[in-house]
Ligand SMILES: NC(=O)c1ccc[n+]([C@@H]2O[C@H](COP(=O)([O-])OP(=O)(O)OC[C@H]3O[C@@H](n4cnc5c(N)ncnc54)[C@H](O)[C@@H]3O)[C@@H](O)[C@H]2O)c1
Ligand SMILES: [Zn+2]
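Residue numbers (the working numbering): 1489 to 1842.
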């Protein structure tokens, strides 16, 4: 069964199509590519698995491709330039469509290239990791890392279509599946306590990759994210709740070096720190901790010296007027963004308290 959701953004609205077998002929991708030409951006791991299948659904188009090196360490301006080079070398014009085939790294780089080339060409997301299917492919944040900060360079640029073939998850490594579950738990924790309960009941089915369970989780997350993005596309307010756990998480990623801790793993430990900073009631805190642990994710951060925590978080681009902003929970499913937090609690959390 195929489900279609819509991200409502006026004339930039777009569908999210979720189902099985969509790359293998179950979906007419060709009909969504406006010009003659497209460039599929993938990487050395995903291209051998799915590029031919995807290209098969693009009959009638000129399909070029570029295969990027695999890994968060390559989410750089240099790699972004490679995509621009591929576009220019293939004579891409304003009618060319960029198609991202891969996880969040490929999607973020390809989207930024689509936003930049000739001031913007059509962009389609075909996410192949759980994390990308539940989070990064929806909402239009694109970009690359800079040595001084994660996602420091980028643009808001919405795709025209997000095509989620859940069958691609069959080849995903367990560790990556678990990392994606962190963002699934995040969506439930910030907005939907009922979904949180569903996750508690269905975590084993998700870990066993039961298609119906995966489809439900992906649909729920996309629906939540689509609604939040429709309300606040450019993160002037409410959209920031999607960063729950991310101020701590980004600090972990940056301190450990990109790629050591996966994004989802860092966010998992970060969510528990944010929940503690929130003063979340202990029974609810245990539920969050148990769910994170059940998903095979870390519940505590790596050892980071207190002053390093504070220094790395000071570089977080979400700092406004030098005051850190956090996403906190009133209870599971009820989140808010604030710069009014308990500073003593924060100091204790990063090991600097007495
Ligand atoms: N734009 C956003 O809104 C947003 C939101 C969340 C995260 N992100 C970004 O997403 C990135 C993380 O994304 P990710 O977790 O997808 O990591 P990733 O893109 O590095 O993919 C993880 C690994 O899985 C491999 N892979 C992908 N699909 C596969 C498949 N179907 N089968 C086998 N292997 C497969 C990849 O090659 C890679 O080795 C981070 O850079 C993060 O900043 C962006
Ligand atoms: Zn994230």
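Just so it is clear, CB atoms sit at the ideal spot from N, CA and C, and this is done for glycine as well.
Item: Simplified DSSP assignment, three categories, for residue 1822; Value: strand
Item: Limits of the unbroken beta strand (DSSP E) element including residue 1569; Value: Here residue 1569 belongs to no beta strand (DSSP E); instead the alpha helix (DSSP H) covers 1565-1577.
Item: Residue 1650 and residue 1632 closer than 8 Å at C-beta; Value: no
Item: heavy atom of ligand 2 below 7 Å from residue 1846 C-beta; Value: The structure shown does not extend to residue 1846, since the chain is modelled only from 1489 to 1842, so the question has no answer here.
Item: Complete runs of the beta strand (DSSP E) confined to the segment 1510-1560 [at least 3 residues]; Value: 1525-1531 and 1550-1556
Item: Cut-off 6 Å between Cβ atoms - residues of its own chain near residue 1792, not counting five sequence neighbours on either side; Value: 1743
Item: Alpha-carbon to alpha-carbon, residue 1775 and residue 1823; Value: 16 Å
Item: Residue 1581, buried or exposed, once every other Cβ within 10 Å from all chains shown has been counted against 16; Value: exposed
Item: The beta strand (DSSP E) enclosing residue 1610, as first and last residue numbers; Value: 1610-1615
Item: Neighbourhood of residue 1814 by C-beta, 7 Å cutoff - its chain only, sequence neighbours within 5 removed; Value: 1735, 1762, 1765, 1826 and 1829
Item: Assigned exposure category for residue 1596 - 16 Cβ within 10 Å defines buried; Value: buried
Item: When 1523, 1544, 1740 and 1553 are compared against residue 1532, the one with the closest alpha-carbon; Value: 1553
Item: Heavy atom of ligand 1 within 7 Å of residue 1785 beta-carbon; Value: no
Item: C-alpha distance - residue 1623 paired with residue 1710, whole-angstrom precision; Value: 7 Å
Item: C-alpha gap between residue 1614 and residue 1725, whole angstroms; Value: 28 Å
Item: Pairwise C-alpha distance: residue 1700 and residue 1594; Value: 26 Å
Item: Cut-off 7 Å between Cβ atoms - residues of its own chain near residue 1817, not counting five sequence neighbours on either side; Value: 1677, 1763, 1766, 1768 and 1823
Item: Any non-hydrogen atom of ligand 1 closer than 7 Å to residue 1800 Cβ; Value: no
Item: Residue 1537 to residue 1571 span [Cα, whole Å]; Value: 20 Å
Item: Whole-angstrom C-beta distance between residue 1753 and residue 1667, which should lie under 8 Å; Value: 6 Å
Item: Cutoff 6 Å; reference residue 1670; Cβ partners in own chain excluding five residues on either side; Value: 1752, 1755, 1756 and 1785
Item: Residue 1649 in three-state terms, based on DSSP; Value: strand
Item: Cross-strand partners of residue 1797 (DSSP beta bridge); Value: According to DSSP, which records beta bridges pairwise, residue 1797 is partnered with nothing at all.
Item: Candidates 1543, 1819 and 1760, of which the one nearest residue 1834 by Cα; Value: 1760
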